[in-house]
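Inspection log for the structure reproduced underneath, given as structure tokens.
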Amino acid sequence: MKFVAVTSCPTGIAHTYMAAEALEQAGKAAGHEVVVETQGAAGSTPIDTAVITAADGVIFAADLEVKDKSRFAGKPTVDVGVKKAVHDAPGVLAQAVAAVEAGPVAVPAAAPAAGAADGPATKVEAGSSTANRIRQWLMTGISYMIPFVAAGGILIALSFMLAQAVWGEDGAVKVTQVDAATLIDQFSVVSGQDWAVLLFLVGGAAFGFLVPVLAGFIAYAIADRPGIVPGFVGGAIAVTVGAGFLGGLAAGFLGGFTALWISRWRVPRGIRGVMPVVVIPLLSTLITGGLMLVVLGKPIAVLMDALSSWLGGLSGESAVLLGVILGAMMGFDLGGPVNKVAYVFATTGLATQGLADDAAQFQIMAAVMAAGMVAPLGMALATVVRKRLFTQAERENGKAAWLLGASFISEGAIPFAALDPWRVLVSSLLGSAVTGGLVMAFSSTLRAPHGGIWVVPLIGNPLGFVAAVAIGAVVCASVVIVLKSLRRVPVEASAQPVATPA
Amino acid sequence: MTTTLTTPALVALDATGTDREAVIRQLAGLLAAEGRVTDLDGFVADVLEREAKTATGMPGGIGLPHAKSAHVAVPSLAIGRVPAGVDFGAPDGDATLVFLIAAPAGGDQDHLKILAALARRLVHASFRDAVRTAPDATAVAQIIAEEVVPS
Numbered sequence: 009m010k011f012v013a014v015t016s017c018p019t020g021i022a023h024t025y026m027a028a029e030a031l032e033q034a035g036k037a038a039g040h041e042v043v044v045e046t047q048g049a050a051g052s053t054p055i056d057t058a059v060i061t062a063a064d065g066v067i068f069a070a071d072l073e074v075k076d077k078s079r080f081a082g083k084p085t086v087d088v089g090v091k092k093a094v095h096d097a098p099g100v101l102a103q104a105v106a107a108v109e110a111g112p113v114a115v116p117a118a119a120p121a122a123g124a125a126d127g128p129a130t131k132v133e134a135g136s137s138t139a140n141r142i143r144q145w146l147m148t149g150i151s152y153m154i155p156f157v158a159a160g161g162i163l164i165a166l167s168f169m170l171a172q173a174v175w176g177e178d179g180a181v182k183v184t185q186v187d188a189a190t191l192i193d194q195f196s197v198v199s200g201q202d203w204a205v206l207l208f209l210v211g212g213a214a215f216g217f218l219v220p221v222l223a224g225f226i227a228y229a230i231a232d233r234p235g236i237v238p239g240f241v242g243g244a245i246a247v248t249v250g251a252g253f254l255g256g257l258a259a260g261f262l263g264g265f266t267a268l269w270i271s272r273w274r275v276p277r278g279i280r281g282v283m284p285v286v287v288i289p290l291l292s293t294l295i296t297g298g299l300m301l302v303v304l305g306k307p308i309a310v311l312m313d314a315l316s317s318w319l320g321g322l323s324g325e326s327a328v329l330l331g332v333i334l335g336a337m338m339g340f341d342l343g344g345p346v347n348k349v350a351y352v353f354a355t356t357g358l359a360t361q362g363l364a365d366d367a368a369q370f371q372i373m374a375a376v377m378a379a380g381m382v383a384p385l386g387m388a389l390a391t392v393v394r395k396r397l398f399t400q401a402e403r404e405n406g407k408a409a410w411l412l413g414a415s416f417i418s419e420g421a422i423p424f425a426a427l428d429p430w431r432v433l434v435s436s437l438l439g440s441a442v443t444g445g446l447v448m449a450f451s452s453t454l455r456a457p458h459g460g461i462w463v464v465p466l467i468g469n470p471l472g473f474v475a476a477v478a479i480g481a482v483v484c485a486s487v488v489i490v491l492k493s494l495r496r497v498p499v500e501a502s503a504q505p506v507a508t509p510a
Numbered sequence: 047m048t049t050t051l052t053t054p055a056l057v058a059l060d061a062t063g064t065d066r067e068a069v070i071r072q073l074a075g076l077l078a079a080e081g082r083v084t085d086l087d088g089f090v091a092d093v094l095e096r097e098a099k100t101a102t103g104m105p106g107g108i109g110l111p112h113a114k115s116a117h118v119a120v121p122s123l124a125i126g127r128v129p130a131g132v133d134f135g136a137p138d139g140d141a142t143l144v145f146l147i148a149a150p151a152g153g154d155q156d157h158l159k160i161l162a163a164l165a166r167r168l169v170h171a172s173f174r175d176a177v178r179t180a181p182d183a184t185a186v187a188q189i190i191a192e193e194v195v196p197s
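Now the structure itself:
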């Protein structure tokens, strides 16, 4: 059999190499081929991707975290301490042989997803195709982002639920109107309202990291550690200029490649020492942040203005058409600039004084919120109906997406959209448009700017509202399933470097 | 490399220490006497700190205390044969052969590769036996010089 192994130890000068030699000798003695990567102080040369691909099994004899562990994902693996390999290399090898004979590991999903199960993938195999590498960069960012989506989204959803319970029928609105200073001043452990506010503020803080984390870890996957700063800062600026997660994707790639480029400069020896701590972060962050602000900020502001005035001019059109347009905008970029224009359009209408109970403004608000619930629900539904079209990480995210969708937290769909933007956004757009149109047709109304299913008491014709959301979610799920099924290379195959781009 | 990893002066054919620290101190003393270690106590402390993390006893009666330390001037190897044996925490018994590796804190790649090569050689029984049965310190240093070649 063929094995690849990684050895490492705390000091990196003795055990690492003894274990490597012992494993190689044990392999020779037992008639197995063992190729060892020593991740020690003398630097390590990564094992050739082709060798890893050809290997039957993997041996980790490492006391430190294995670098780029994702390279080995999906293969039968034994994980022992470095000492075990030094003291009993034949035993470790026998264990590895047994692991290989026990058969392939269950569900070798996409390599990045498998990596995500035990700490997100960090880097990308050198030999893989461009499409595959882009996918792995994205997956790295997404796998770090998902916990933020889940933590923040669920806290906010819980906040809405609690607020509805303790604060009356518009609790989900009131809970968002208390600021941190007030909470700090008045917090009482026996007040349900205070707890609701606390959940909302903590959830909101977690949500604030969503785009920066996405951008930061995409950049990290591209450029390794130098990518972190420009990626995070670029992501934060994407938030500032209202560019949403699409802006975050741009920031991640921009920051990553800027950092990679600068880190490859040939510099005099004297400067080399300060490159990683000063020069690379300084320049890459300046370039990335500057470009995000100047190049991206202005067009987005112009776009938002144009969309706003266009929407304002649509008031004469039929209600259903307006609902379709607003719905499509909500689903288009999930919290990005287009989504924001539609949302602001609706909430601005709410502020109009003296509206009748069935005023168009209330219908528009209902259409916008219903449409904003569709994408997470549709994706959650799709992960249940067609599991194999989604990576492990996506399926996990799908579970949280049910609650996030029900709570009108469109961001629950971002992990899906970031990995496969056009298929997910097209289906989100279609599903949300259907829902927006249906809500207008059913004449549902809504007097709250958010809260999702938890503000049902504030919804007029709630049955129509729920039906519209459900139909839209089914449309969204169906479209995404069809689009993903048409893809030539299924998710599973991208574990290997593929010649055909996905 | 301007200096070799070890010299006859760094070999103790009959080390007499009865515990780990005594043996380490004796071998470190050889390194200090040759000017390869600048601060004996500081270096010994660094080695013992590494020992405290995990024992460095290896199969085949080997003790392999080592440290990357600011008190090391030149990457060096001191070798002690301990006929009475001394416990280095190996599961298969006391160490009768102790290699003390001293690596400078900012050791460059060439030095580290030499040490890596040494660690690899130690796995081979033939290498250990040759060191054990060498007639004198010069022969021991000779074996190291010949066998330990960076790959």
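Protein sequences, first through last, are from chains A and B.
The working numbering runs 8 ahead of the 1-based position in the first sequence.
The working numbering runs 46 ahead of the 1-based position in the second sequence.
Glycine included, C-beta positions come from ideal geometry on N, C-alpha and C.
(request) Determine which residues share a DSSP beta bridge with L454 of chain A and list them. (result) In the first sequence, residue 454 of chain A corresponds to position 446, counting from 1. Its beta-bridge partners are A:I467.
(message) Let me see if you follow: with CB-CB separation under 8 Å, is V43 of chain A close to chain B or not?
(response) On the first sequence, position 35 is the one that residue 43 of chain A refers to. Output row for V43 of chain A: interface = no.
(request) Could you check what DSSP says for K75 of chain A in three-state terms: helix, strand or coil? (result) Position 67 of the first sequence holds residue 75 of chain A. The answer is coil: DSSP assigns K75 of chain A none of H, G, I, E or B.
(request) Kindly give me the distance between the Cβ atoms of V93 of chain B and A119 of chain B, rounded to whole angstroms, as I take these residues to be in contact under 8 Å. (result) If you number the second sequence from 1, residue 93 of chain B lands on position 47. If you number the second sequence from 1, residue 119 of chain B lands on position 73. About 15 Å separates the two Cβ atoms, so there is no contact after all.
(message) Give me, in chain order, the residues of the same chain whose beta-carbon lies closer than 7 Å to that of G176 of chain A; leave out the 5 immediate sequence neighbours on both sides.
(response) Taking the first residue of the first sequence as 1, we reach residue 176 of chain A at position 168. Counting only Cβ-Cβ distances below 7 Å, and skipping sequence neighbours, we find nothing.
(request) Rounded to whole angstroms, what's the CA-CA distance from E41 of chain A to T102 of chain B? Just pull it up for me. (result) Position 33 of the first sequence, counted from the first residue, corresponds to residue 41 of chain A. Position 56 of the second sequence, counted from the first residue, corresponds to residue 102 of chain B. Put simply, the backbone Cα of E41 of chain A is about 28 Å away from that of T102 of chain B.
(message) If the criterion is Cβ atoms closer than 8 Å, does the pair G480 of chain A and E419 of chain A meet it?
(response) Numbered from 1 along the first sequence, position 472 holds the residue referred to as residue 480 of chain A. Numbered from 1 along the first sequence, position 411 holds the residue referred to as residue 419 of chain A. No; because the gap between Cβ atoms is not below 8 Å, this pair is not in contact.
(request) Note the first and the last residue of the continuous alpha helix (DSSP H) segment covering L86 of chain B. (result) Taking the first residue of the second sequence as 1, we reach residue 86 of chain B at position 40. Where L86 of chain B is concerned, the enclosing alpha helix (DSSP H) stretches over 86–99.
(request) Can you tell me the Cβ-Cβ gap for T443 of chain A and A485 of chain A, rounded? I've got them flagged as a contact below 8 Å. (result) The residue you call residue 443 of chain A lines up with position 435 of the first sequence. The residue you call residue 485 of chain A lines up with position 477 of the first sequence. About 13 Å separates the two Cβ atoms, so there is no contact after all.
(request) Would you identify the three-state DSSP class for V241 of chain A, choosing helix, strand or coil? (result) Walking along the first sequence from the start, residue 241 of chain A turns up at place 233. V241 of chain A: helix per DSSP, three-state reduction.
(message) Considering Cα atoms alone, identify which of A:I308, A:G263, A:L411 is closest to A251 of chain A.
(response) Counting from one through the first sequence, the residue named residue 251 of chain A turns up at place 243. Selected option, being the one with the closest Cα: A:I308.
(request) Check whether the Cβ atoms of T46 of chain A and A162 of chain B sit closer than 8 Å, and answer yes or no. (result) Position 38 of the first sequence, counted from the first residue, corresponds to residue 46 of chain A. Position 116 of the second sequence, counted from the first residue, corresponds to residue 162 of chain B. In this structure, A162 of chain B lies closer than 8 Å to T46 of chain A by Cβ.
(request) Return helix, strand or coil for S16 of chain A, following the three-state DSSP convention. (result) Walking along the first sequence from the start, residue 16 of chain A turns up at place 8. Strand at S16 of chain A.
(message) Could you pull the DSSP bridge partners for P150 of chain B from this structure?
(response) On the second sequence, residue 150 of chain B is found 104 positions in, with the first residue counted as 1. B:S115.
(request) Identify every residue that forms a DSSP beta bridge with R166 of chain B. (result) One-based indexing of the second sequence puts residue 166 of chain B at position 120. When beta bridges are read from the DSSP output, R166 of chain B appears opposite no residue.
(request) Identify the contact partners of V94 of chain A in chain B, using a Cβ-Cβ distance below 9 Å as the criterion. (result) The sequence position of residue 94 of chain A within the first sequence is 86, counting from 1. Chain B residues near V94 of chain A: M104, P105, V169.
(message) Quick check on M9 of chain A: does DSSP put it in helix, strand or coil?
(response) Start at 1 with the first residue of the first sequence, and residue 9 of chain A comes out as number 1. Coil.
(message) Do M377 of chain A and F416 of chain A count as a contact pair if the criterion is CB distance below 8 Å?
(response) Indexing the first sequence from 1 puts residue 416 of chain A at position 408. Indexing the first sequence from 1 puts residue 377 of chain A at position 369. Yes, Cβ-Cβ distance for F416 of chain A and M377 of chain A is below 8 Å.
(message) For a test of the three-state rule: what should DSSP assign to D175 of chain B, helix, strand or coil?
(response) Walking along the second sequence from the start, residue 175 of chain B turns up at place 129. Helix.
(message) What does the alpha-carbon distance come out to for the pair T28 of chain B and G35 of chain A?
(response) Coverage of chain B is limited to positions 47 through 197, which leaves residue 28 of chain B absent and any answer about it impossible.
(message) Tell me whether the stretch 129–142 of chain B and the stretch 61–79 of chain B touch, counting them as touching only if at least three CB pairs, one residue from each stretch, are closer than 8 Å.
(response) yes
(request) Tell me, please, whether the stretch 156–172 of chain A touches the stretch 400–416 of chain A by the rule of three or more beta-carbon pairs shorter than 8 Å. (result) Judged by Cβ distances under 8 Å, the stretch 156–172 of chain A makes contact with the stretch 400–416 of chain A, as three or more pairs qualify.
(message) Does the CB of A185 of chain B have a neighbour CB from chain A at under 8 Å?
(response) On the second sequence, position 139 is the one that residue 185 of chain B refers to. It does not; no Cβ of chain A falls within 8 Å.
(message) Does V108 of chain A pass the burial test, meaning 16 or more other C-beta atoms within 10 Å, or should it be called exposed?
(response) Position 100 of the first sequence, counted from the first residue, corresponds to residue 108 of chain A. Flag for V108 of chain A reads buried.
(request) Evaluate the contact criterion for the stretch 241–257 of chain A versus the stretch 186–201 of chain A: three or more CB pairs, one atom per stretch, below 8 Å. (result) no
(request) Quick one: using the 10 Å Cβ neighbour count with 16 as the cut-off for buried, is W145 of chain A buried or exposed? (result) Here residue 145 of chain A corresponds to residue number 137 of the first sequence, with the count starting at 1. Buried: at least 16 other Cβ atoms inside 10 Å.
(request) Mark Q8 of chain A as exposed unless 16 or more other C-beta atoms lie within 10 angstroms of its C-beta, in which case mark it buried. (result) The requested residue 8 of chain A is not part of the displayed model; chain A covers only 9 to 510.
(request) Return the chain-ordered ranges of every beta strand (DSSP E) run that is complete within the stretch 180–254 of chain A and spans a minimum of 3 residues. (result) none
(message) Quick check on A165 of chain A: buried or exposed, where buried means 16 or more other Cβ atoms within 10 Å of its Cβ?
(response) Position 157 of the first sequence, counted from the first residue, corresponds to residue 165 of chain A. With at least 16 other beta carbons inside 10 angstroms of its own, A165 of chain A counts as buried.
(message) Below 7 Å on C-beta distance, what does P137 of chain B contact in chain A?
(response) Taking the first residue of the second sequence as position 1, residue 137 of chain B is located at position 91. By Cβ distance, chain A contributes H95.
(message) Along the chain, where does the alpha helix (DSSP H) containing T61 of chain A start, and where does it finish?
(response) Counting from one through the first sequence, the residue named residue 61 of chain A turns up at place 53. It spans 57–62 - the alpha helix (DSSP H) in which T61 of chain A sits, taken as one unbroken run.
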